[in-house]
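Trainee: Got a structure here, written out as structure tokens. Questions coming.
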Amino acid sequence: MERSTGNKINTAVFISGRGSNLKSLIAFSIKKKSPIRIKLVISNNKKAKGLNYIKNYKLNKFIVNYSNIKKAENNILKKLKKSKIEFICLAGFMKILSSNFIKRFNNPILNIHPSLLPKYKGLNTHLRVINNNETFTGATVHLVTEKLDSGKIILQKKVKVFKNDDEKNLSKRVLKAEHQLYPKAIIKFLN
Ligand code: GRF
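Shown next as structure tokens:
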């Protein structure tokens, strides 16, 4: 991938809620070794807690009204173009990007998913992992394609499941792994 000015890639992070991965990506992006510069945070939810993390940084936010998907995606694409965004990281973004959007953006889009893909695509991964008595789960960073949670895997991190784990414990442990994994996956993918 070609590097923009200052040698860092102009990046947008898409969120919908808590934003703990956004927080870890911001901390990563300001390090010298980071290949990305987060310029823009996009959310479909104006009340997303994660939006609080951008206040101390020179980050623009863009709130998108998703009542009409086509219009929402057109507005996002316009904003991405205006901000010269070349790379997208989805971090808990609860909307599915259409194949039309992916084609028109025409640059890589990564996502983080809280399971060892291809196992446990979709929602409620931790509960399903516990109910199936898995001994390991984890997190995956993958390329976004039109098929949900199915694009090329960039990097994974395994997490042990303990016998007495409930959804809360396990999701906490996996989330910690996610915060380490996403920056590493970005370095692997872009360097
Ligand atoms: C994470 O578990 C991520 O893997 C999934 O959604 C959750 C987002 O958490 N896609 P946060 O908003 O980054 O705290």
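Residue numbers (our numbering): 602 to 792. Every residue, glycine too, gets a C-beta built ideally from N, C-alpha and C. On a predicted model such as this, the values are computed, not experimentally measured, just so you know.
1) Please tell me whether Leu641 and Ile697 are closer than 8 Å, where the distance is taken between their beta carbons.
2) Is it right to say Tyr658 is buried, meaning 16 or more other beta carbons lie within 10 angstroms of its own, or is it exposed?
3) Quick one: what does DSSP say Asn572 is sitting in, helix, strand or coil?
4) Alpha carbon to alpha carbon, how far is Ala649 from Asn661? Give it in angstroms, no decimals.
5) Answer with buried or exposed for Phe763, where buried requires no fewer than 16 other C-beta atoms within 10 angstroms of its C-beta.
6) Going by the beta-carbon positions, is the gap between Ser571 and His780 smaller than 8 Å?
7) If you follow the alpha helix (DSSP H) that Phe706 is in, where does it begin and where does it stop?
8) By the three-class DSSP mapping on this structure, what secondary structure does Thr726 have?
9) Using 8 Å as the threshold, is the C-beta distance between Ile639 and Leu626 below it?
10) Got a sec: does the ligand GRF put a non-hydrogen atom nearer than 7 Å to the Cβ of Arg619?
11) For Lys742 and Leu711, which I take to be in contact (beta-carbon distance under 8 Å), what is that distance rounded to the nearest angstrom?
12) For the region 702 to 710 against the region 670 to 679, are there 3 or more C-beta pairs whose distance is under 8 Å?
13) Going by DSSP, what residue range makes up the alpha helix (DSSP H) through Ile677?
14) Is the closest heavy atom of the ligand GRF to the C-beta of Asn622 under 7 Å?
15) Quick one: what does DSSP say Ala786 is sitting in, helix, strand or coil?
16) Measure the CB-CB distance between Pro715 and Ala692 and report whether it falls below 8 Å.
17) What residue does the beta strand (DSSP E) around Asn611 start on, and which one ends it?
18) With DSSP collapsed to three states, give me the class of Ser751.
Mentor: Short version:
1) no
2) exposed
3) Nothing in the structure corresponds to residue 572, since the chain is present only between 602 and 792.
4) 15 Å
5) exposed
6) Given a span of 602 to 792 for the chain in the structure shown, any question on residue 571 remains unanswerable.
7) Ser700 to Phe706
8) helix
9) yes
10) yes
11) The identity of residue 742 in the sequence shown is Val, whereas the question assumes Lys. That pair is a contact at about 6 Å.
12) yes
13) Ile670 to Lys683
14) yes
15) helix
16) no
17) Ile610 to Ile616
18) coil
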